[in-house]
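Trainee:
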Amino acid sequence: MKKKRPKQPAAEPKAETNPAENKNPENKAPENKADGKDKPVEEKPKTERTNDADAKPFRIDFDKIHQRLRRINLQDTRETNLIFSPDGKKLAFSASVEGKPGWYSVEFPDKLTPKLMSATVLNDARWTKASGSILGLSKGTPTKLENGEKETGFSFSVLHDRSRTGRFREGFNAAWLAMSEIWYDPAMGNKNWEEIRRKYVDAASKAHDERGLGEIIELMLGELNGSHLGFTPSIAETTEPETPRKREYPTAHLGVRFDPSFLGPGLKVRDVLPESPSDKAKSRLKAGDIILSIDGQRVDPSMDLTQILNGPLDRDIHLTVARMKDQATEEIAMSVRPISYGRIKPLLYEQWLENNRQMVERLSDGKLGYLHIQAMDESSFLEFEQQLYNVGYGKQGLVIDVRDNGGGSTTDHLLTSLTQPKHAITVPRGGGIGYPHDRMIYATWSKPIVVLCNQNSYSNAEIFSHAIKALGRGKLVGVQTAGGVVSTGAARINDIGVLRAPFRGWFSSRDGKDMELNGALPDYILWPAPGELPAGIDKQLEKGVEVLLEEVKQVPALPKPKYATGHE
């Protein structure tokens, strides 16, 4: 339904013309008869531009320009939105100085103490000579800061007709165009990108809503067969009508895992997760315990336990447990305060880590350490540094696991830790051979390593795996990584959503091969058989230990330090 346009105001009445002033009906130029000749008056165009002949040439003195840089240091603040005045003498920026947020300026070369110009910080700001002001947006409204200080807003409203079909069509075309200009491979995956646009554009224009449009855009992106692609539609928030709804309760978790081979009656505890509800002093279960009933209801492996465990988490769950004691079975009653599956996941992860560490310790007879890099982010890197001293202390080699690592951006930090050159031996008075940690960039590991990767190692975890092979730093064990390697960003598409925009490709330094669609190939390929990993069987980890023990044997011994006095 079209909106009614507002009535236009009546036309303003034309000014009456003085007949005495209307003696030139043909609009001819007035005559100049001062010299007795009829000459038209020459009107010089008004301009502010200086004669090119008088303009001074603009020249930048690049000689030693880097030595003329001066830093302005502001404590406890971060400066953003930097813009220069048209004459280059002032620099404006947004910051919080002494606890006062706003737009500040400094003036070169002497007035370098920040001066508060305005508490309003404009987005997309420009400082123009013509206006003598900073122009930009304040909460979406065009705004002028005269001399950077006096604020004037220019709010307006416009009524317009909207065509959903036209809006979705142009939104789709904008997404198509953005990807054609951003996608890292100009060949667009060897696809006819224009033909792909024609294939989907009509369907996009007929989408029911932004969600439907987003699905069609993602179908278009899928033609590229690439990673790091996607589209998030802008969905207007809608208030759902209040209707009676049955309250949905989560499934409570007791903190134990059950033995799947046990047929009943009851549920046999396979293991108890440390720090879980069943690992408390008053509610401690043990491996081998059999839970006979939950809240008074008899249980066995064939039951749907959600029928019993679903409910509020802030309640006690009453258990009847059969436990062997002195070669006899006794029944114990206990209460457990459960937690959610979301809180149990990190406990499962820690249990998995501990099992892997114990396995490596056992298989290597204490010679090797193990650590897992959960993600390629800052927190995981800091954890990596700590674990180098924790699980690596006194070890001859290290198993580094990037299986199921979803990626990030910290590969180069990890490589710096693993490839820092060792150029000397140091020995303090009364100490052993080593190297001062305060001279290292990061916590460092120079001994042999092996890296585990799998099909769930993505993006930056794949770059790390490729790099280990390219640098010859260690062997890869597992299965080929996902082959989804590209740097990605985001692009706003009109008012319909945000496009994920992969803009930079990564290529192997060994053969130039694109890492996209070409995952890192391990030196030793092993696929786990179905059911092995849940049963605690990890052949990839076992192979990694075997390979690393061989690497450790080949490490040459360090030379003995020889003091200037001649003794060793």
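Using the numbering used here, the first residue of the sequence shown is number 1261, and each one after it goes up by one. For glycine and all other residues, C-beta sits at the position ideal for the given N, C-alpha and C. Source: prediction; values computed, not measured.
Have a look at I1442 and R1457 and give me their C-alpha separation to the nearest angstrom.
Mentor: 16 Å
Trainee: On the DSSP bridge assignment, give the partners of D1661 in chain order.
Mentor: Residue pairing for D1661: DSSP places it in a beta bridge opposite H1632 and L1712.
Trainee: Assign Q1646 to buried or exposed, taking buried as 16 or more other Cβ atoms, counted over all protein chains shown, within 10 Å of its Cβ.
Mentor: exposed
Trainee: Helix, strand or coil: how does DSSP classify P1244 here?
Mentor: Past the edges of the chain, shown from 1261 to 1828, lies residue 1244, and the structure says nothing about it.
Trainee: Closest to K1540 by C-alpha separation, out of S1378, D1445 and G1515, would be which residue?
Mentor: G1515
Trainee: How would you label R1617, buried or exposed, when you count the other beta carbons within 10 angstroms and need 16 or more for buried?
Mentor: buried
Trainee: If we count Cβ pairs, one from each stretch, closer than 8 Å, do we get three or more for the segment 1633–1642 versus the segment 1663–1683?
Mentor: yes
Trainee: Would Y1509 be called buried (16 or more neighbouring beta carbons within 10 Å of its own) or exposed?
Mentor: exposed
Trainee: When DSSP labels each residue in this structure, what does T1380 get in the three-state scheme?
Mentor: coil
Trainee: Run through the DSSP bridge pairs and tell me what Y1364 is partnered with.
Mentor: Answer is F1353 and L1376.
Trainee: Assuming L1793 contacts Q1740 under a Cβ cut-off of 8 Å, what Cβ separation, rounded to an integer in Å, is found between them?
Mentor: The C-beta distance from L1793 to Q1740 rounds to 18 Å, too long to fall under 8 Å, and the pair is not in contact.
Trainee: For the alpha helix (DSSP H) containing P1402, name the first residue and the last one.
Mentor: No alpha helix (DSSP H) holds P1402; the beta strand (DSSP E) holding it covers T1401 to E1406.
Trainee: DSSP beta-bridge partners for N1570?
Mentor: T1511
Trainee: According to DSSP, simplified to helix, strand and coil, what is E1470?
Mentor: helix
Trainee: Residue ranges of each beta strand (DSSP E) run of no fewer than 3 residues wholly in the segment 1642–1687, ordered along the chain?
Mentor: 1657–1661
Trainee: Within the same chain, show all residues whose beta-carbon is closer than 7 Å to that of W1453, passing over the 5 residues directly before and after it, in chain order.
Mentor: S1440
Trainee: Quick check: the Cα distance between N1714 and K1324, rounded to an integer number of angstroms?
Mentor: About 51 Å.
Trainee: As a quick exercise: from L1642, D1625 and G1804, pick the residue whose alpha carbon is nearest that of S1677.
Mentor: L1642
Trainee: What is the DSSP secondary structure of T1425, counted as helix, strand or coil?
Mentor: helix
Trainee: In the DSSP assignment, find the unbroken beta strand (DSSP E) run with L1759 in it and report its ends.
Mentor: G1757 to G1765
Trainee: T1671 and A1730 look like a contact to me (Cβ under 8 Å); what is the Cβ gap, rounded to whole Å?
Mentor: Not a contact, Cβ separation roughly 12 Å.
Trainee: Am I right that V1559 and L1545 are in contact with their C-beta atoms under 8 Å? What's the rounded C-beta distance?
Mentor: Not confirmed; about 14 Å, so no contact.
Trainee: Pop quiz: A1593 and T1580 are said to be a contact at Cβ under 8 Å. What is the actual Cβ separation, rounded to whole angstroms?
Mentor: 6 Å
Trainee: I need the straight-line Cα distance from Y1784 to K1813, nearest angstrom please.
Mentor: The alpha-carbon separation between Y1784 and K1813 amounts to approximately 19 Å.
Trainee: Report the three-state DSSP secondary structure of H1578 (helix, strand or coil).
Mentor: In this structure, H1578 counts as strand in the three-state DSSP scheme.
Trainee: Please list the terminal residues of the continuous beta strand (DSSP E) segment that includes G1692.
Mentor: First-last for G1692: undefined, no H or E at that position.
Trainee: Where does Q1814 fall in DSSP's three states?
Mentor: coil
Trainee: If we ignore side chains and look at the alpha-carbon of each, how far apart do W1436 and F1322 end up?
Mentor: 42 Å
Trainee: Taking the alpha carbon of G1449 as the reference point, which residue from S1465, L1481 and A1464 has its own alpha carbon closest?
Mentor: The candidate whose alpha carbon is nearest that of G1449 is L1481.
Trainee: Give me the DSSP bridge partner(s) of V1529.
Mentor: V1529 pairs with F1518.
Trainee: With respect to the alpha helix (DSSP H) encompassing M1619, which residues constitute its N-terminal and C-terminal limits?
Mentor: Y1601 to L1623
Trainee: Does the distance from the CB of G1362 to the CB of M1377 come in under 9 Å?
Mentor: yes
Trainee: How big is the Cα-Cα spacing for W1766 and G1772?
Mentor: 9 Å
Trainee: Would you kindly check if the distance between the Cβ of D1574 and the Cβ of R1603 is under 9 Å?
Mentor: no
Trainee: Whole-angstrom Cβ separation of G1626 and G1652, contact assumed at under 8 Å?
Mentor: That belief does not hold up - the Cβ atoms of G1626 and G1652 are roughly 13 Å apart, past 8 Å.
Trainee: Within 10 Å of its beta-carbon, does W1387 have 16 or more other beta-carbons around it, so buried, or fewer, so exposed?
Mentor: Its Cβ being crowded by 16 or more others within 10 Å, W1387 is buried.
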